[in-house]
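Numbering (this note's numbering), first residue to last: 33 to 465. In this text, a Cβ means the ideal position worked out from N, Cα and C, and glycines have one as well. The next block holds one structure in the form of structure tokens; read it before the comments.
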Ligand SMILES: *Cc1c(COP(=O)(O)O)cnc(C)c1O
């Protein structure tokens, strides 16, 4: 069944003339699945509608933020009210306090925090702060982990960077990445080696506690504990990039799930409720190094924007209702169980990695526990699967190396529709393999 996509195709031609690849963020282009993007006209709950009148059950969720689904009533109401009062003040407002206290309440490791307008700014600023605090230059990041697009973090950076086979980017001078040390996810030895080679020179270990930008890769038992201990023993700060996992895995993020206390935490995505927001926070003594109290510079014209703050507050208040995560995780589990049954029935070799309400189907027969094993996936097969699924009205992420997100707006009904579509899509995918 071919989708009618005339309007999307026409719009894409215009967009390509105006923006590189026709998009404002590379994975949206569908290049990773050898396709052209659909243009979205509106969305409601679990459904997303395109410019040709097609509708899809959405599992991209704007790449993570929309845990309540699209245009949730509480969020829309809060945003309208905030916007009518004023869209930006460049001065403090009450919703900054409201969102900050909801975050502090949820994350025991965060005494104080600073809002930004993106996750990229949050990680960039947290790394700067860690360097200032420790008076050291080196940082450790992990192959396949993505922390936004700051120069020195674009080294084997997962997400779009993996998808397009450009692990680093031209335009980043060598000198900018000289202080970035690479370790392997789930391989504590690789971290130990760096700590002994660069003794007392490492400012921070920056990690996605559950990797979600090389597809979902959970930490093995003891891995995060090992990092915590190595950092502690060396006066190095442990930074959890919870831009995806914060409020996704639960109110306290991955640090609550795995019971590890990082020194600094980066947030984004869900805390903005669909608006451009990031945040970084941690212990008071560290955070007080930031201007205007301390010497570490950080600023933002739209940081703490009142409309974005209102969307975040409404989103987190909804998440705080009893049973939300239980429902979300059970629903995801039933989808994953259904997927396993289908894979088995069709004799297709694939791994499903999942934590909470996010997961990835890797088309490989190997266990996926790091970047290298993730790259054994058959991305051509994923592309066919993605396209067949899209034609059947299901929007999965347009890349093998991203997470599928279930939202609170999905119900058993959408899961049933999805599983029926997946069966057909996979059957077709395998037969043309
Ligand atoms: C999305 C993401 C970022 C970057 O956030 P932006 O808001 O896109 O700048 C950083 N870290 C992780 C783990 C992310 O998933």
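Exercise for the section: Specify the secondary structure class of residue 129 as computed by DSSP and reduced to three states. Expected result: helix
Practice task
Pick helix, strand or coil for residue 199, following the three-state DSSP scheme.
Solution key: Model confidence at residue 199 stands at a pLDDT of 45, short of 50, so the residue's coordinates are unreliable and nothing is read from them.
Practice task
Examine ligand 1 and report whether any of its heavy atoms sits within less than 6 Å of the Cβ of residue 179.
Solution key: yes
Handout entry: When 389, 387, 388 and 410 are compared against residue 398, the one with the closest alpha-carbon
Key = 410
Handout entry: Cut-off 7 Å between Cβ atoms - residues of its own chain near residue 227, not counting five sequence neighbours on either side
Key = 234, 262 and 266
Practice task
Since I believe residue 302 is in contact with residue 278 (beta carbons under 8 Å), could you give me their beta-carbon distance rounded to a whole number of angstroms?
Solution key: 6 Å
Handout entry: Distance between residue 326 and residue 245 (C-alpha atoms, nearest Å)
Key = 33 Å
Exercise for the section: Could you check which residue in 441, 422 and 450 has the C-alpha nearest to that of residue 65? Expected result: 422
Handout entry: beta strand (DSSP E) segments (min. 3 residues) lying fully within the stretch 326-406
Key = 383-387 and 390-394
Exercise for the section: Counting only the same chain and skipping the five closest in sequence on each side, list residues whose C-beta sits under 8 Å from that of residue 230. Expected result: 170 and 213
Practice task
Check whether the stretch 137-144 touches the stretch 307-320, counting contact only when three or more Cβ pairs, one atom from each stretch, lie closer than 8 Å.
Solution key: yes
Handout entry: Expected contact under 8 Å - CB spacing of residue 94 and residue 71 to nearest Å
Key = Wrong, their Cβ atoms sit about 15 Å apart, outside the cutoff.
Problem - residue 104 burial status per 10 Å Cβ neighbour count (16 or more: buried) - result: buried
Practice task
Check whether the Cβ of residue 175 lies closer than 6 Å to any heavy atom of ligand 1, and answer yes or no.
Solution key: Outside the cutoff, so no.
Handout entry: Pick from 354, 165, 453 and 206 that is closest to residue 183, judged by C-alpha positions
Key = 206
Exercise for the section: Using beta-carbon positions only, say whether residue 269 and residue 298 come within less than 7 Å of one another. Expected result: no
Practice task
Inspect the beta-carbon positions of residue 416 and residue 450 and report whether they are closer than 7 Å.
Solution key: no
Exercise for the section: Return helix, strand or coil for residue 410, following the three-state DSSP convention. Expected result: coil
Handout entry: Contact test: residue 404 Cβ vs ligand 1 heavy atom, cutoff 6 Å
Key = Outside the cutoff, so no.
Exercise for the section: With a 10 Å radius around its C-beta and 16 neighbouring C-beta atoms as the bar for buried, classify residue 188 as buried or exposed. Expected result: buried
Problem - Ordered list of alpha helix (DSSP H) runs contained in the stretch 131-174, each at least 4 residues - result: Runs found: 151-166.
Practice task
Assign residue 346 to buried or exposed, taking buried as 16 or more other Cβ atoms, counted over all protein chains shown, within 10 Å of its Cβ.
Solution key: Taking every protein chain shown into account, the CB of residue 346 has 16 or more other CB atoms within 10 angstroms, so this residue is buried.
Practice task
Run the proximity test for residue 411: is its beta-carbon closer than 6 Å to any non-hydrogen atom belonging to ligand 1?
Solution key: no
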